[in-house]
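**Student:** Provided herewith is a single structure, encoded as structure tokens, for subsequent inquiry.
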Amino acid sequence: GRGFGLSPAVCLAIRVNTFLSCSQYHKMYRTVKATRGRQIFQPLHSLRAAEKELLPGFHQFEWQPALKNVSPSCNVGIINGLSGWSSSVDDVPADTITRRFRYDVALVSALKDLEEDIMEGLRESGMEDSACTSGFSVMIKECCDGMGDVSEKHGGGPVVPEKAVRFSFTVMSVSVLADDEEEEVTIFTEPKPNSELSCKPLCLMFVDESDHETLTGVLGPIVAERKAMKESRLILSMGGLSRSFRFHFRGTGYDEKMVREMEGLEASGSTYVCTLCDSSRAEASQNMVLHSITRSHEENLERYEIWRTNPFSESVDELRDRVKGVSAKPFMETQPTLDALHCDIGNATEFYKIFQDEIGEVYKKGNPSR
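Number 400 marks the last residue of the sequence shown (my numbering); no jumps.
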């Protein structure tokens with residue numbers, strides 16, 4: 031026989047985990063085959079076949095009720111992210127700037143990846159397999175960040191912006207509410223929620239993340255698909271039985287710049303320094319202790335309407351103070367959390383107090399207690 035040959039799936043894993051391009055892998059495959067006289071690595075076409083099962087578009091599923099404005103076909107792979115939009119956005123040929131998966135198809139693929147873990151979780155929590163065909167809920171973390179400069183060094187490709195943005199999601203947990211139970215039971219929790227292995231890319235775009243119009247234009251269809259999925263249930267085969275899943279989305283994977291972009295706030299140099307509350311720079315420097323999260327997507331939408339209509343006929347400065355720096359239409363709901371900057375501010379405040387106490391003590395006594 032062939033002796034020691036690796037299966038196509040293993041070869042694919044090796045290619046992906048060692049960051050080999052197809053042509054690099056092909057060179058390795060040829061060299062090994064020529065020197066060993068045996069086919070240890072499998073040819074590229076067999077890797078492609080193995081990959082089809084792992085990429086979105088392989089599994090059958092349905093939505094109840096059917097998703098609004100989304101095709102019911104299941105075998106949709108990589109699509110042009112601007113499909114359905116006009117042929118050119120500004121000066122960039124539109125068919126070159128973005129590629130994505132359909133959101134629901136990508137979620138199905140991610141869930142089927144976890145099929146074994148989910149079934150094991152059901153068994154471990156002592157659930158009767160056939161009793162749990164509905165009542166599953168899935169928590170999805172969404173992330174979107176600029177990827178910085180991705181220009182080709184000596185590229186002759188189409189004219190696209192040199193910056194790229196990637197929108198991705200992570201399945202954080204799956205829980206189930208059995209027919210006769212009160213409590214939801216969590217049957218799967220992602221052990222490494224911040225690992226690049228659990229983070230599934232949904233959309234890649236050649237866009238500068240500061241280009242609000244193009245960014246929102248490209249992400250528009252994704253937002254629409256997500257909105258449709260919130261109002262429907264996914265019917266998908268898991269462990270041989272059809273089961274129904276509901277999805278909950280949390281946009282926590284955004285840095286401050288992207289939160290400002292998505293929520294219609296002024297850019298980072300704004301006097302409204304915080305994406306969580308209405309504090310201005312001056313107020314923040316006075317009050318270093320008491321802050322609470324007051325901003326919300328709904329409030330931002332209301333404030334944008336005020337900014338747009340100026341119902342009290344105020345001057346620009348008064349109006350800006352009224353809407354606390356909301357000056358564009360909020361586009362996507364985010365859940366901003368305490369980022370590194372606020373951590374630093376908090377730490378600085380703590381240390382500041384300690385230093386004050388220390389200094390005070392030095393002044394009070396000739397020999398301060400250590």
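Ideal Cβ positions, reconstructed from N, Cα and C, are used throughout, including at glycine. Quick caveat, the model's predicted, so the values are computed rather than measured.
1. On a Cα-Cα basis, can you pick out the residue from Thr246, Phe166, Thr200 and Ile170 that is closest to glutamate 211?
2. Could you tell me which of Ile109, Met318, Asp175 and Arg66 sits nearest to glutamate 380, measuring between CA atoms?
3. With DSSP run on the structure shown, which of helix, strand or coil describes valine 46?
4. Output yes or no for whether 9 angstroms exceeds the beta carbon distance between proline 366 and glutamate 286.
5. Could you tell me which residues DSSP pairs with tyrosine 302 in its beta bridges?
6. Which residue wins for smallest C-alpha separation from aspartate 159, given the options Gly270, Ile44 and Arg276?
7. Would valine 195 and methionine 235 qualify as a contact pair, given that the criterion is a beta-carbon distance under 9 angstroms?
8. Can you give me the C-alpha to C-alpha distance between glycine 31 and glutamine 72, rounded to a whole angstrom?
9. With DSSP as the reference, identify every bridge partner of asparagine 110, one or two as the case may be.
10. Along the chain, where does the alpha helix (DSSP H) containing isoleucine 336 start, and where does it finish?
11. Assuming contact is defined by CB atoms lying nearer than 9 angstroms, are leucine 264 and histidine 89 in contact in what I supplied?
12. Within the same chain, show all residues whose beta-carbon is closer than 7 angstroms to that of threonine 126, passing over the 5 residues directly before and after it, in chain order.
13. How long is the line joining the alpha carbons of arginine 401 and leucine 77, rounded to whole angstroms?
14. Helix or strand or just coil, what does DSSP make of lysine 222?
15. Tell me whether lysine 394 is buried or exposed, calling it buried when 16 or more other Cβ atoms sit within 10 Å of its Cβ.
16. Short of 7 angstroms in beta carbon distance, which residues of its chain neighbour serine 225, apart from the five on each side in sequence? Order them along the chain.
17. Take glycine 87 as the anchor and find which of Leu112, Leu141, Ile44 and Gln69 has the nearest alpha-carbon.
18. Touching or not, the stretch 174 to 183 and the stretch 202 to 221, by the rule of three or more beta carbon pairs under 8 angstroms?
**Tutor:** This is what the structure holds:
1. Phe166
2. Met318
3. helix
4. yes
5. Ser310
6. When Gly270, Ile44 and Arg276 are compared, the shortest CA-CA separation from aspartate 159 is found for Gly270.
7. yes
8. Interpretation of glycine 31 is limited by its pLDDT of 45, a score under 50 that renders its predicted location unreliable; the figure taken from the coordinates is listed afterwards. In this structure, the straight-line span from the alpha carbon of glycine 31 to that of glutamine 72 is close to 15 angstroms.
9. Arg129
10. 327 to 339
11. Contact: no.
12. Pro188 and Val190
13. Nothing in the structure corresponds to residue 401, since the chain is present only between 31 and 400.
14. coil
15. exposed
16. none
17. Leu141
18. no
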